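All remarks here apply to the structure that follows.
Put into structure tokens, the structure is as follows:
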């Protein structure tokens, strides 16, 4: 099944999550108080009366918001030799086949924070070296934007060896951070952060810390990050244990049809393609 990030909506977004057995958890971050990072909302240009064509306007706007994000992260980017890179429109750097599933995700994003070597060798962008965060920028954020960001997160998680996150934002009042937070069941956590200064403080921590758990001033508990393939590995281990247990019991007591049927049902439930479409009685 093929999904394009830019084409995500409520229907195919729900279908994608069901196929992967992913649930979504939403939360609102606590206000930090005195902002560690001072940041004003981004000022979008009104290009309605501009004589330039649409492509020129979009490119200028893209470079403006890239510079805006970078300006609030200069020190931490320099410390870790990272950069904020603007992805060309149509550059499908977040295209990925999801391991263990008949799912192909296709498309790109707007900005990525990754190794600054891509500024010298832009062709290395497709390898996403040391990628930390993908940023999807929308002038207006709606529910379709949220499913697009989730699709991007799933693809980025498959492509990157490390823990990653996605930020969906209008750079003014909406800052939604998404990450894989659990694997029992697989869960995407979506956290809404305001104001911009608090959002940039979260990005600082993401850049500064490679650990599974991140300590954030806006969260009471540590932010826990996982990988979707860990869920697949855990599910596989559990099934192997159940099968071995069945054979052990069968060797002592003989075949048990009810137990075999229950085991078969659980095995099929672990295959998201079937779980999304089969109702078990």
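Numbering (the numbering used here), first residue to last: 20 to 300. Ideal placement from N, C-alpha and C gives every residue a C-beta, glycine not left out. Keep in mind it's a predicted model, so treat the numbers as computed, not measured.
Measuring CA to CA, which of the options is closest to residue i?
i           : options               : result
residue 159 : 283, 61, 271 and 108  : 61
residue 14  : 189, 226 and 245      : Here the chain has residues from 20 to 300 only, and residue 14 is not among them.
residue 34  : 104, 167 and 72       : 167
residue 101 : 163, 147 and 245      : 147
residue 20  : 264, 121, 43 and 46   : 121
residue 37  : 204, 163, 234 and 143 : 204
residue 28  : 123, 108, 142 and 165 : 165
residue 185 : 140, 154 and 229      : 154
residue 175 : 163, 161, 192 and 144 : 144
residue 214 : 195, 231, 228 and 199 : 195
residue 124 : 271, 108 and 169      : 169
residue 191 : 58, 273 and 89        : 58
residue 135 : 110, 161, 89 and 275  : 89
residue 45  : 283, 235, 180 and 199 : 199
residue 74  : 63, 87, 141 and 107   : 107
residue 26  : 217, 162 and 228      : 162
residue 242 : 230, 139 and 65       : 230
residue 63  : 87, 141, 142 and 40   : 87
Consult DSSP for residue i and reduce its assignment to one of helix, strand or coil.
i           : result
residue 25  : helix
residue 270 : helix
residue 296 : Model confidence at residue 296 stands at a pLDDT of 41, short of 50, so the residue's coordinates are unreliable and nothing is read from them.
residue 156 : strand
residue 254 : For residue 254, the predicted structure reports a pLDDT of 49, less than 50, and the residue's modelled location is therefore unreliable. A value from the coordinates is still provided. Helix.
residue 64  : coil
residue 130 : strand
residue 151 : coil
residue 101 : strand
residue 113 : coil
residue 232 : strand
residue 242 : strand
residue 262 : helix
residue 59  : coil
residue 137 : helix
residue 291 : For residue 291, the pLDDT reaches just 42, beneath the cut-off of 50, and the residue's location in the model is therefore unreliable, leaving the point undetermined.
residue 20  : coil
residue 107 : coil
residue 75  : helix
residue 35  : helix
residue 181 : coil
residue 276 : helix
Hey, could you find the ends of the beta strand (DSSP E) residue i is sitting in?
i           : result
residue 165 : Here residue 165 belongs to no beta strand (DSSP E); instead the alpha helix (DSSP H) covers 162 to 178.
residue 205 : 205 to 211
residue 327 : Not covered by the structure: residue 327. The range shown for the chain is 20 to 300.
residue 45  : 42 to 47
residue 146 : Looking at the DSSP string, residue 146 is not in any beta strand (DSSP E), and its letter there is neither H nor E.
residue 188 : 184 to 188
residue 125 : 123 to 125
I need the boundaries of the alpha helix (DSSP H) containing residue i, first residue and last residue.
i           : result
residue 92  : Counting along the chain, residue 92 falls outside any alpha helix (DSSP H), and DSSP gives it neither H nor E.
residue 218 : 215 to 227
Going by beta-carbon coordinates alone, are residue i and residue j separated by less than 8 Å?
i           : j           : result
residue 127 : residue 117 : no
residue 156 : residue 188 : yes
residue 182 : residue 246 : yes
residue 133 : residue 85  : no
residue 197 : residue 178 : no
residue 237 : residue 49  : yes
residue 56  : residue 220 : yes
residue 266 : residue 279 : no
residue 268 : residue 276 : no
residue 223 : residue 95  : yes
residue 202 : residue 232 : no
Original post:
Touch check for the stretch 200 to 211 and the stretch 80 to 87: three-plus C-beta pairs under 8 Å?
Top reply: no
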